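Residue numbers (our numbering): 1 to 303.
For glycine and all other residues, C-beta sits at the position ideal for the given N, C-alpha and C.
Computed from a predicted structure; not experimentally measured.
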Amino acid sequence: MDSKSVFFKKLSIIDFLNLIVLSIFIIFFLIGFQKTPYKGTLAIWYSLLFIFIILINRLRQSKKEFWGKKFLFLAYPLIFFFSLFESFFMILPYFNHFRFDELMINIDHFLCGVHPTVWIEIIVHPFITELMYIAYFFYFPMPLILVILLFYRKQYKNLEESLILLFITYYCAYITYFFVPVEGPRFHLAELQNVPLVGLFLSKPILNLIDFFEPNKLDCFPSLHAAIMLVTMFLTYRNAKKLFYFYLPFAFLILISLVYCRFHYVIDIIAGTVLAILCVTFGRMTYLKYREKFIFHFNDSSV
Numbered sequence: 001m002d003s004k005s006v007f008f009k010k011l012s013i014i015d016f017l018n019l020i021v022l023s024i025f026i027i028f029f030l031i032g033f034q035k036t037p038y039k040g041t042l043a044i045w046y047s048l049l050f051i052f053i054i055l056i057n058r059l060r061q062s063k064k065e066f067w068g069k070k071f072l073f074l075a076y077p078l079i080f081f082f083s084l085f086e087s088f089f090m091i092l093p094y095f096n097h098f099r100f101d102e103l104m105i106n107i108d109h110f111l112c113g114v115h116p117t118v119w120i121e122i123i124v125h126p127f128i129t130e131l132m133y134i135a136y137f138f139y140f141p142m143p144l145i146l147v148i149l150l151f152y153r154k155q156y157k158n159l160e161e162s163l164i165l166l167f168i169t170y171y172c173a174y175i176t177y178f179f180v181p182v183e184g185p186r187f188h189l190a191e192l193q194n195v196p197l198v199g200l201f202l203s204k205p206i207l208n209l210i211d212f213f214e215p216n217k218l219d220c221f222p223s224l225h226a227a228i229m230l231v232t233m234f235l236t237y238r239n240a241k242k243l244f245y246f247y248l249p250f251a252f253l254i255l256i257s258l259v260y261c262r263f264h265y266v267i268d269i270i271a272g273t274v275l276a277i278l279c280v281t282f283g284r285m286t287y288l289k290y291r292e293k294f295i296f297h298f299n300d301s302s303v
């Protein structure tokens, strides 16, 4: 066994993916180093994420068993990718000063003949607004519910594959944001909107919560709502049919909410759909081809 094989065998395929993506983000950080005012914070942030991966990997190789060990292996990549996303506002605006909203607006108008977020005002109503914001927010727990279900069922191999496909989709979108930063129609078509989006009880708190957890506002193209929702639907269809049918109406509403709530251009949704298809197709092929080169992420010989 050569040294490369030994190295891979000490990592899970999720560890390896996280290290690659972290390396890419460190490169982005170095490129924007002179411009970002968050130099020290980012250096500490990314160093801690690197240490986090190494510590989890060491724990996986340890023969010491304790309650919650496998759950920690599930929680770690979720914490990692969320932490990576939360670093965007400290680096993305200083990496790329171009904004592509005008291009997206022109593409949408060419495809639809109208500005979709303005056109859809014909159905704006407080009840519909409330429903759309709830649907938009439901996207966030959709993949989480699936992975927790697979974990609960102890379907660890299916869980590892599901996590890989989801994270490949997330990370491909994350990287794209650095090269095609788009703020969205909520900001760039505001002067054309004639009807305010006023809901009932939950729409405003949901919007405030989204703004709080997404300080970076350059993450529209491609739409991760569209991409992750479609990947999640694919995975639920394969692994949890009842959950798939439960999700189906939400999936439909989520796609409408992206335009109705003025978060995305139609071209963002099209790009997200293409991303989902590519990540499921080529991500799964890559995973099946190379998974044996890595240690199993949940490291349980009984599965």
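- Distances from the alpha-carbon of H225 to those of Y237, L200, I270 put I270 closest.
- Burial state of W119 is exposed, judged by a 10 Å Cβ sphere holding fewer than 16 other Cβ atoms.
- A straight-line Cα-Cα distance of about 46 Å links Y245 and K39.
- Residue pairing for V182: DSSP places it in a beta bridge opposite D219.
- For I24, the secondary structure class from DSSP, reduced to helix, strand or coil, is helix.
- In this chain, L11 is not harboured by any alpha helix (DSSP H), its DSSP state being neither H nor E.
- Shown here for F179: same chain residues with a beta carbon closer than 8 Å to its own, the five before and five after excluded, namely N96 in chain order.
- Note that the C-beta distance between T129 and G184 is not below 8 Å.
- Between the alpha carbons of L30 and N57 lies a gap of roughly 26 Å.
- L166 places its beta carbon less than 8 Å from that of I228.
- Between I27 and Y136, the C-beta gap is not smaller than 8 Å, which leaves the two residues out of contact.
- In the structure shown, the three-state DSSP call for I295 is strand.
- Annotation for Q61: the continuous alpha helix (DSSP H) segment containing it runs 39 to 61.
- The criterion of a C-beta distance shorter than 8 Å is not satisfied by Y152 and D219.
- By the neighbour-count criterion, in which a residue is buried when 16 or more other Cβ atoms sit within 10 angstroms of its Cβ, N208 is exposed.
- Of the other Cβ atoms in all chains shown, fewer than 16 fall within 10 Å of the Cβ of I44; this residue is therefore exposed.
- The straight-line gap separating the alpha-carbon atoms of N216 and E86 is approximately 8 Å.
- Between the alpha carbons of H115 and N106 lies a gap of roughly 9 Å.
- For F89, there is no enclosing alpha helix (DSSP H), as DSSP marks it with neither H nor E.
- Separation of the CB atoms of L149 and L243 is rounded to 7 Å, and the pair is thereby assigned contact status at 8 Å.
- Nearest in C-alpha terms to V195, of all of F52, V124, I53, L49, is V124.
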